[in-house]
Structure formats: C-alpha cells, structure tokens
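This is how it looks when you write it as structure tokens:
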C-alpha cells in the first residue's frame, strides 16, 4: 500500500490522460523512486542526474502516502514563491471539489522530490486522509487487500488534473 499505491497512482494518472486524448503543451514525466527509507538515494540520484533540466522543470508532484482518500496537496518550494504556488495550485485544486481534494497548504512536498526544491523546482505531495496509515505501514499486514479502489481512483484523478493543468499552463506556477 505505502510504496505500491503511489506508483500505481502516478502511472494510472498518465494512462488516464492518454486515454482521454489529452496532450499538454509540456512533457509530463513519471519517475518511480527507490530507497527513500534508506538514504533517499533514488531522489538524490535523480536530482543530480537531471540537474541541467531543473531550470526547465516547472513542477514535481509525489504520491507516497498510501491509498487513502485525497484531501489536496502540500506545497514545498523556495520561500519567496510559496504564496504564489499555493495560490495557483489552490485554483487548480478547486476543480477537485467533487472528490473533496481542495486543501492546498505550504507543507512538505515529498521526500523523493525534495532534492529538487533547492534547484528551484516547485513541488507538491498528494495530501491524503492517512489517519490509519501507520496501522499497517511497512508491516506484514500492508497487503493489496487493504487498498480501496475508489480512493485510488480519486487520487488518480487529483494527480491527473494537477499534472495536466500545470503542463498546459502558459507560464509557471512560481511566476
């Protein structure tokens, strides 16, 4: 649920956009990270390997909090642009009112994408109702039968909407 749900959410969000025939003006890249809990080596290696792309990377979003109902997004970026980014993402998140995923706050964007923040990339983490997250987190009970398809579908919708709108925007969220 913990790691697998986020991977499924991100891949399915892109699949959904493709099935809908939506092609934004910018590329949307899905990256599946490894090693967060043991040194963040995947996120650090990605940030280092793609350092030259950072100025052109308009946004990064992470889903790594399980398969719970989405509430919105936590934003992490350089302090001087946090207010702008929160406001623009909140405007986008208003489209998610039917699934109640409209909450947008300055917070932690995500461990794996965190190394992109000092490089100037605004980030967001999918904020979920994780009240029961640690009941099974990293235990033998963290199995596929705990995943609720409806909340996964809502998370996919939240990520797909955010990714598409940001990729289609004429400017950047931090402008």
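Numbering (my numbering), first residue to last: 4 to 178.
Note that beta-carbon positions come from the ideal geometry of N, C-alpha and C, so glycine has one too.
Residue i, buried or exposed, once every other Cβ within 10 Å from all chains shown has been counted against 16
{"i": "residue 37", "result": "exposed"}
{"i": "residue 91", "result": "buried"}
{"i": "residue 79", "result": "buried"}
{"i": "residue 73", "result": "buried"}
{"i": "residue 115", "result": "buried"}
{"i": "residue 9", "result": "buried"}
{"i": "residue 13", "result": "buried"}
{"i": "residue 77", "result": "buried"}
Distance, residue j Cα to residue i Cα
{"i": "residue 145", "j": "residue 100", "result": "30 Å"}
{"i": "residue 68", "j": "residue 108", "result": "16 Å"}
{"i": "residue 235", "j": "residue 35", "result": "Here the chain covers residues 4 to 178 and nothing more, so residue 235 does not appear."}
{"i": "residue 119", "j": "residue 27", "result": "22 Å"}
{"i": "residue 59", "j": "residue 174", "result": "11 Å"}
{"i": "residue 147", "j": "residue 153", "result": "14 Å"}
{"i": "residue 55", "j": "residue 45", "result": "17 Å"}
{"i": "residue 71", "j": "residue 96", "result": "17 Å"}
{"i": "residue 75", "j": "residue 47", "result": "25 Å"}
{"i": "residue 39", "j": "residue 151", "result": "24 Å"}
Boundaries of the beta strand (DSSP E) in which residue i is found, first to last residue
{"i": "residue 60", "result": "Where residue 60 is concerned, there is no enclosing beta strand (DSSP E), given that its DSSP letter is neither H nor E."}
{"i": "residue 78", "result": "73–79"}
{"i": "residue 108", "result": "106–109"}
{"i": "residue 112", "result": "First-last for residue 112: undefined, no H or E at that position."}
{"i": "residue 130", "result": "126–131"}
Beta-carbon gap between residue i and residue j smaller than 8 Å
{"i": "residue 130", "j": "residue 103", "result": "no"}
{"i": "residue 21", "j": "residue 170", "result": "no"}
{"i": "residue 164", "j": "residue 98", "result": "yes"}
{"i": "residue 126", "j": "residue 64", "result": "yes"}
{"i": "residue 87", "j": "residue 123", "result": "no"}
Bounding residues of the alpha helix (DSSP H) (the contiguous stretch that carries residue i)
{"i": "residue 85", "result": "85–96"}
{"i": "residue 45", "result": "44–52"}
{"i": "residue 31", "result": "Where residue 31 is concerned, there is no enclosing alpha helix (DSSP H), given that its DSSP letter is neither H nor E."}
{"i": "residue 157", "result": "152–171"}
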